[in-house]
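Novice: Next up is a structure, given as C-alpha cells.
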Amino acid sequence: MLTHHEPNGRPATSATDALPAVLGEPAVVLLDAVQRLSLARSLAEIQEIVRPAARRLTGSDGVTFALRDDDACLYVDEDGREPLWKGTRVPLEACASGWTILHSSPMVVPDVDADERASNEPDPTAFVRSLAVVPIGALDPIGAIGTHWMDHHEATDEELALLQALADSTAAALESADLWRNLEDRITRRTSELAERSRELEDASASVRELLEEATVRSEDLEAAVDYHRAILNILAHEVRSPLTASDLMLDEILSDHHVEGPVAENVADARRCIAEAVRIVEDQLHRAKLEAGVLRPRLDEVSIPDLYLALRGMVRALRRSPAVTLEFSSEEHLPALRTDAHMLGQILRNLVGNALKFTSDGIVLVSARFDHLARQFVFEVSDTGIGVAPDDRERIFEDFSQVAAAQHARRAGTGLGLPLSRSLAVTLGGSLELEDREGPGSTFVIRLPEKAP
439 MLTHHEPNGR
449 PATSATDALP
459 AVLGEPAVVL
469 LDAVQRLSLA
479 RSLAEIQEIV
489 RPAARRLTGS
499 DGVTFALRDD
509 DACLYVDEDG
519 REPLWKGTRV
529 PLEACASGWT
539 ILHSSPMVVP
549 DVDADERASN
559 EPDPTAFVRS
569 LAVVPIGALD
579 PIGAIGTHWM
589 DHHEATDEEL
599 ALLQALADST
609 AAALESADLW
619 RNLEDRITRR
629 TSELAERSRE
639 LEDASASVRE
649 LLEEATVRSE
659 DLEAAVDYHR
669 AILNILAHEV
679 RSPLTASDLM
689 LDEILSDHHV
699 EGPVAENVAD
709 ARRCIAEAVR
719 IVEDQLHRAK
729 LEAGVLRPRL
739 DEVSIPDLYL
749 ALRGMVRALR
759 RSPAVTLEFS
769 SEEHLPALRT
779 DAHMLGQILR
789 NLVGNALKFT
799 SDGIVLVSAR
809 FDHLARQFVF
819 EVSDTGIGVA
829 PDDRERIFED
839 FSQVAAAQHA
849 RRAGTGLGLP
859 LSRSLAVTLG
869 GSLELEDREG
879 PGSTFVIRLP
889 EKAP
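In my numbering, the protein residues as written are 439 to 892.
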C-alpha cells in the first residue's frame, strides 16, 4: 500500500483506501465484467458477460456484438427489444459496426436518420433512433460492440469511455479464448498422433515395443510439460493484466473526477506508474510466449509514423519518473510508406523508450525515424542521456534475464526480458535491433526494418 506521513509522523490515508467511497455503479459494473471476462474460455461465455454489462453501462435499449469476417461484419449476438441484426453478415462499408472497425474509432450517432454512416444499417427499424459503437481492439479491431436507444440520445464521454474499457477487456478475453482453443486443438492432434504411433508399434517385437513405448511416454511427458507451462504462463499473464487495467481505470477516474490533490494525488500517480510498468512486463511475457509457441505472426498494414508516435506517447506517459527528462519525437519529411505490424513495432519502441526513461534521471530521450534509401530500410533510433551501457555488456543485454551491474544499482531491477523480446520482434519483422557504439553518456538503440515486412 502506498502511504505518506504527516508532520506528526502518523501515516496518511492512501488513495487506494478511498476507492470504496468514490466508486460509482458504472465502475462496479465494469470491474465485475472485467473480472468475469478474465475467466471466460469461449465466445459464448464472453457474449453472456458483454451483453448485459454494455446495457447497464450505457442505459441503452439494445446491444449488438459483431466480429470481423474478412471484409464483412458478422453479427454474432444481440440483446434488444427484438432481433434486428443477429446472424446477419454485412459488408464493412455498409454498417456502423463496420465503419468503427475500418476506422479503429468509436462512433456516436444521436440521430440515425441524419448520419450517413448509419443510413445503410441492415433492416432499419423506426424505434432505433440513436447509436454508439466502439471497436474491439485498438490498433487492428477484430469486432465492435454497439448500443442503441429508442429515443434521441447522444452518448456521453463517460458512457463511451466505459463502453470502450469493456471492449478492451473483451479483446483480451477473445485472445485468451483463442489461446485455449489452440491448446486444446494441439492436445487433440497430439493424442491422435500418439494413438496412431501406438497402433504401429503393436506390430513390432515385444522388446522393441517396450523401448519405443518408454521413449514415447518420456517425449509425451516433456511435450505436455512444455504445453502446460506455456498455458499457465498465458493464463497468469492475462489474469494479471485484466485487474491491472481495471485498477488503472479506477485510479484515472479518481484523478479526473474527484479533484484529488496534494500527497494523495502523488500517491495515485506513483500507483499508476507502477501499474503501467507491471502491464508492460505482462504484455512482454505474453509476446514472448507467443513467439516461442510459434503462433505470433505479423499482421501487415501501412503504418503512419505520426499515428505511431501519438500512440507511443500515450503508452509511455506513465513511465516518466523525473520531470527533468524531456521526451521528444522526430522524423524526416516525406517518408515512403512503411508496411509492417504496427503493434509489434509499437511494442519494440515502447520497451526501448521505457528503458531509456527508467535509466535517465535528467536530460532527453529522443525517438527519431528516417529512411535509408540505399538499403531501402526504415531506421528508428531511441537515444538517451542516461547511465549508458558498458562495452563488455553490449551483447549481454540481449540475453534472456540479463541485468548489467550499472542498471541494477541505478534503478530497481527489471525482468531482463524486454530487450531480448524486442530483438526477437524486430527479427520477426525482417529487421534488426542493435546498440550503437558511442562515446560519452547515454545509449542509442537502432531498429532497422524493411519497407515491407516478410
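Cβ coordinates follow ideal geometry from the N, Cα and C atoms, glycine included.
1) When the Cα of R493 is compared with those of V571, A556 and E531, which residue comes out closest?
2) From the DSSP output, in three-state form, read off L873 for me.
3) Going by DSSP, which residues form a beta bridge with D517?
4) Would a C-beta distance cut-off of 8 Å place G581 and I539 closer than the cut-off?
5) Given a threshold of 16 other Cβ atoms within 10 Å of its Cβ, counted over all protein chains shown, does N620 qualify as buried or as exposed?
6) Could you pull the start and end residues of the beta strand (DSSP E) that P529 belongs to?
7) How many Å lie between E597 and D515 at the Cα?
8) Among D589, G792, W523 and L617, which residue has its Cα nearest to the Cα of I802?
9) Residues bridged to V572 by DSSP?
10) Going by other Cβ atoms of all chains shown within 10 Å of its Cβ, with 16 needed for buried, is A482 buried or exposed?
11) Going by beta-carbon coordinates alone, are D919 and G518 separated by less than 8 Å?
12) Take G868 and list the residues in its own chain whose beta-carbon comes closer than 6 Å to its own, dropping the five residues that flank it on each side.
13) With which residues is V884 paired in a DSSP beta bridge?
14) What is the DSSP secondary structure of T496, reduced to helix, strand or coil?
15) Taking the CB atoms as reference points, tell me whether S543 and P573 lie closer together than 8 Å.
16) With the cut-off set at 8 Å, would you say R527 and L505 are in Cβ contact?
17) Using DSSP with H/G/I as helix, E/B as strand and the rest coil, what is L512?
18) Taking C-beta to C-beta, are L421 and V741 nearer than 8 Å?
19) For L795 versus R759, is the C-beta distance shorter than 8 Å?
20) Restricting to Cα atoms, I'd like to know which of D779, I786, A762 and P744 is closest to T769.
21) Using 8 Å as the threshold, is the C-beta distance between V787 and V820 below it?
22) Between the Cα of P421 and those of M753, P761 and F809, spot the shortest distance and give me the residue it belongs to.
23) Determine the DSSP secondary structure at V472, reduced to helix, strand or coil.
24) Run through DSSP, which three-state label would T608 get?
25) If H590 sits next to S568, beta carbons under 8 Å apart, how far is it from one beta carbon to the other, in whole angstroms?
26) Suppose you measure from the CA of D508 to the CA of P579; what does that come to, to the nearest Å?
27) Can you tell me which residues form a DSSP beta bridge with T798?
28) Buried or exposed: where does L765 fall if 16 or more other Cβ atoms within 10 Å of its Cβ makes it buried?
29) Let's see if you can read the secondary structure: which residues bound the alpha helix (DSSP H) around D779?
30) Report the partner residues of E766 according to the DSSP bridge assignment.
31) Exposed or buried, which one is L940 when buried takes at least 16 other CB atoms within 10 Å?
32) Just to confirm, are P858 and E872 a CB contact at a threshold of 8 Å?
33) What residues match up with K890 in a beta bridge as DSSP calls it?
34) Give a yes or no on whether the C-beta atoms belonging to S881 and G824 are separated by under 8 Å.
35) Which same chain residues, not among the five before or five after R814, have their C-beta less than 6 Å away from its C-beta?
36) Would H541 be called buried (16 or more neighbouring beta carbons within 10 Å of its own) or exposed?
Specialist: According to the data block:
1) Position 55 of the sequence shown, counting from 1, holds the residue named residue 493. It is V571 whose Cα lies nearest to the Cα of R493.
2) In the sequence shown, residue 873 corresponds to position 435, counting from 1. Strand.
3) Residue mapping note: residue 517 aligns to position 79 of the sequence shown, counting from 1. Answer is V501.
4) Here residue 581 corresponds to residue number 143 of the sequence shown, with the count starting at 1. Here residue 539 corresponds to residue number 101 of the sequence shown, with the count starting at 1. Result yes, Cβ atoms of G581 and I539 sit closer than 8 Å.
5) Taking the sequence shown and counting its residues from 1, one reaches residue 620 at position 182. N620 should be labelled exposed.
6) For the purposes of this step, residue 529 is taken as residue 91 along the sequence shown, with counting starting at 1. Residues R527 to P529.
7) Here the question's residue 597 lines up with position 159 in the sequence shown. Here the question's residue 515 lines up with position 77 in the sequence shown. About 21 Å.
8) One-based indexing of the sequence shown puts residue 802 at position 364. Out of D589, G792, W523 and L617, G792 has the C-alpha closest to the C-alpha of I802.
9) As a working note, residue 572 is residue 134 in the sequence shown. Bridge partners of V572: I583.
10) Here residue 482 is taken as the residue at index 44 of the sequence shown, counted from 1. Exposed, since its Cβ has fewer than 16 Cβ neighbours within 10 Å.
11) For the chain, the structure presents residues 439 to 892; residue 919 sits outside this window and is missing.
12) To locate residue 868, count along the sequence shown from 1; it is residue 430. Excluding sequence neighbours, G868 sits near P888, A891 and P892.
13) Taking the sequence shown and counting its residues from 1, one reaches residue 884 at position 446. Paired residue(s): E819 and E872.
14) The residue labelled residue 496 in the question sits at position 58 within the sequence shown. In the displayed model, T496 falls within a helix according to three-state DSSP.
15) Translated into the one-based positions of the sequence shown, residue 543 becomes position 105. Translated into the one-based positions of the sequence shown, residue 573 becomes position 135. Yes, Cβ-Cβ distance for S543 and P573 is below 8 Å.
16) Mapped onto the sequence shown, residue 527 falls at position 89. Mapped onto the sequence shown, residue 505 falls at position 67. Cβ distance not < 8 Å, so R527 and L505 don't count as in contact.
17) Here the question's residue 512 lines up with position 74 in the sequence shown. In the structure shown, L512 adopts extended strand secondary structure according to DSSP, grouped into three states.
18) Limits of the chain in this structure are 439 at one end and 892 at the other, which puts residue 421 out of reach.
19) Numbered from 1 along the sequence shown, position 357 holds the residue referred to as residue 795. Numbered from 1 along the sequence shown, position 321 holds the residue referred to as residue 759. Contact: yes.
20) The sequence position of residue 769 within the sequence shown is 331, counting from 1. The residue asked about is misnamed: residue 769 is Ser in this sequence, not Thr. Nearest option by C-alpha distance: P744.
21) For the purposes of this step, residue 787 is taken as residue 349 along the sequence shown, with counting starting at 1. For the purposes of this step, residue 820 is taken as residue 382 along the sequence shown, with counting starting at 1. Per the sequence presented here, residue 787 reads as Leu, with Val not at that position. Yes, Cβ-Cβ distance for L787 and V820 is below 8 Å.
22) With the chain represented from 439 up to 892, any question about residue 421 goes unanswered, as that position is not in the structure.
23) Counting from 1 along the sequence shown, the entry for residue 472 is found at position 34. Looking at V472 - three-state DSSP - the assignment turns out to be helix.
24) Here the question's residue 608 lines up with position 170 in the sequence shown. Helix at T608.
25) For the purposes of this step, residue 590 is taken as residue 152 along the sequence shown, with counting starting at 1. For the purposes of this step, residue 568 is taken as residue 130 along the sequence shown, with counting starting at 1. Taking 8 Å as the upper bound for CB-CB distance, H590 and S568 are in contact here, some 6 Å apart.
26) Your numbering for residue 508 matches position 70 in the sequence shown. Your numbering for residue 579 matches position 141 in the sequence shown. Here the alpha carbon of D508 sits roughly 12 Å from the alpha carbon of P579.
27) Against the sequence shown, residue 798 aligns to sequence position 360. For T798, which the question treats as bridged, DSSP gives no partner whatsoever.
28) The sequence position of residue 765 within the sequence shown is 327, counting from 1. Of the other Cβ atoms in all chains shown, 16 or more fall within 10 Å of the Cβ of L765; this residue is therefore buried.
29) As a first step, residue 779 is located in the sequence shown; it is residue number 341 there, counting from the start. That residue, D779, is in no alpha helix (DSSP H); it is neither H nor E in DSSP.
30) Position 328 of the sequence shown, counting from 1, holds the residue named residue 766. Paired residue(s): L804.
31) Residue 940 lies beyond the stretch modelled for the chain, which goes from 439 to 892, so this question has no answer here.
32) Counted from its first residue, the sequence shown places residue 858 at position 420. Counted from its first residue, the sequence shown places residue 872 at position 434. Their beta carbons are not under 8 Å apart, which means P858 does not touch E872 by this criterion.
33) Taking the first residue of the sequence shown as position 1, residue 890 is located at position 452. DSSP lists R777 as partners of K890.
34) In the sequence shown, residue 881 corresponds to position 443, counting from 1. In the sequence shown, residue 824 corresponds to position 386, counting from 1. Yes; because the gap between Cβ atoms is below 8 Å, this pair is in contact.
35) Within the sequence shown, residue 814 is the residue found at index 376, counting from 1. The answer, listed in chain order, is E889.
36) On the sequence shown, residue 541 is found 103 positions in, with the first residue counted as 1. Exposed.
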